[in-house]
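Here the sequence shown is numbered in my numbering, starting from 4 and rising by one per residue.
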Amino acid sequence: MRKIALGIKVFETELEQQQAMWAGVRRLLLLNIPSPIKYLHEKLPNKSKLGLYFNPYGKVLELIDDCIACGVDQIIADFGGAVWDEVQFEKLKEFARAELNDVVVNIAKQVEQILTAVFAINKRLKGRVDFSMAIALSDIKTQMSNLVFKGFVTTHGWKRLPDILRYLNGIERRLEKLAIDPNRDRAQMSKVEHVQNMWQQWLVKLSPIQRNMPEVQEIRWMIEELRVSLFAQQLGTPYPISDKRIMQLMEHLSQQL
C-alpha cells in the first residue's frame with residue numbers, strides 16, 4: 004500500500020497558498036486515478052507517437068508524464084479549481100476518470116506539433132552560418148530554449164500550447180526573411196532586446212512573490228507577441244501589441260505593486 008505524506012504549512016500570501024493547494028490536488032489525483040498511458044497509445048496517431056518518441060528533451064515517458072500532469076491541471080480548472088474537502092475531491096476524481104483520457108490525447112497531439120516545429124527549425128539552424136545572421140540565430144536559439152524544454156508542457160500549461168506553436172511558426176517566418184534582409188531583422192531585434200532588458204531590470208526590483216503574480220508573468224508572453232508582430236505579422240496577435248504598450252504596463256504595475 005502506497006503511503007501519502009500530508010502536512011500543514013503556512014504561506015505568506017493567498018497566491019502561494021492557492022498554488023500549493025493546486026499542486027497538492029494534482030498529486031493526489033495522479034495517485035488515485037488510472038493512468039491514461041494505455042488510452043494514449045491506442046488513440047494517438049502514429050505520426051504523433053513518433054514525434055513524442057523522438058523528442059530531444061529527455062525520455063518519452065517523462066514527456067508523457069508531463070502531458071498527463073498538464074491534463075490534470077486542465078481537469079482541475081474545468082471542474083472549477085482546487086478542492087478543499089473529501090466530498091469535493093471524490094467528485095473531482097470521478098470527473099477526472101471520465102475526462103482525462105481525451106484531454107491528454109489532445110494535449111499530446113499539440114505537443115507533437117510543437118516538437119515537429121522545433122525539429123524543423125533546428126534543421127535550418129544547422130550548417131554554416133553567415134556572420135550577418137549570427138546574432139539573430141543566437142537570439143532564436145535562446146527564444147526556443149525558453150519556450151520548449153524538459154517539463155515545458157506543465158510549466159506553460161494547456162492554454163499556452165497553441166500560442167507556443169504560433170511563436171515557433173513565427174520563428175520559421177523570421178528565418179525566411181532573415182536571409183533576404185538581415186539588416187531589417189537586426190533593427191526589429193533591437194526593439195525586442197530593449198524591452199527584454201528593461202523587463203529583466205524591472206523583475207530584479209520585485210520580490211519573489213511579486214515576480215510570480217499572473218499579471219507580472221503575462222509580460223513575458225507579451226514580449227513573445229511583440230516578436231510575432233515584428234517578425235511574422237501575418238500570423239497575427241490576440242491583442243494590439245508594441246514595445247511602448249509593454250513599457251507602459253510595467254510602469255503601471257510598478258505603481259500598483
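All residues carry an ideal CB built from backbone N, CA and C; glycine is no exception.
Beta-carbon separation (whole angstroms), residue i vs residue j, contact threshold 8 Å
i      : j      : result
Ile244 : Glu228 : 5 Å
Leu164 : Ile117 : 7 Å
Tyr56  : Lys153 : So it is not a contact: roughly 15 Å between Cβ atoms.
Val75  : Arg29  : 5 Å
Met192 : Ala137 : Not a contact, Cβ separation roughly 12 Å.
Which of helix, strand or coil DSSP assigns to residue i
i      : result
Trp161 : helix
Val156 : helix
Thr240 : coil
Lys129 : coil
Leu185 : The question names Leu, but residue 185 is Pro in the sequence shown. Helix, per DSSP.
Tyr56  : helix
Lys194 : helix
Alpha carbon of residue i to alpha carbon of residue j, nearest angstrom
i      : j      : result
Arg176 : Leu95  : 43 Å
Met4   : Leu34  : Confidence is the limiting factor: at Met4 the pLDDT is only 34, short of 50, which leaves the residue's position unreliable and the question unanswerable from this model.
Asn149 : Asn200 : 16 Å
Gln213 : Val207 : 10 Å
Ile249 : Leu178 : 25 Å
Pro39  : His159 : 21 Å
Pro37  : Leu103 : 10 Å
Asp188 : Phe234 : 8 Å
Ala182 : Asp133 : 9 Å
Minimum C-alpha distance to residue i - residue among the options
i      : options                        : result
Glu65  : Glu89, Ala111, Gln91           : Ala111
Lys247 : Gln22, Leu103, Met225, Ala99   : Met225
Lys46  : Val106, Asn58, Arg29, Gly83    : Val106
Ala120 : Val198, Leu171, Leu53          : Leu171
Glu254 : Trp205, Thr240, Gln220, Asn215 : Trp205
Ala123 : Ser232, Glu97, Gln91, Lys144   : Lys144
Trp340 : Met147, Ala23, Leu53, Glu115   : It is not possible to answer for residue 340, since the shown part of the chain is limited to 4 through 260.
Own chain, CB closer than 6 Å to residue i, minus 5 neighbours either side, in chain order
i      : result
Lys194 : Asp246
Nonlocal neighbours in the same chain, by C-beta distance under 8 Å from residue i, ignoring five residues either side
i      : result
Leu209 : Val219, Leu260
Arg100 : Ile36, Pro37
Neighbourhood of residue i by C-beta distance below 7 Å, restricted to the same chain and skipping five residues each side
i     : result
Asp69 : Gly154, Val156, Thr157
Ile7  : Confidence in Ile7 is poor, its pLDDT being 47 and thus under 50, which makes the residue's placement unreliable; the coordinate value appears in the next sentence. Excluding residues within five positions, the ones whose Cβ falls inside 7 Å are Leu34.
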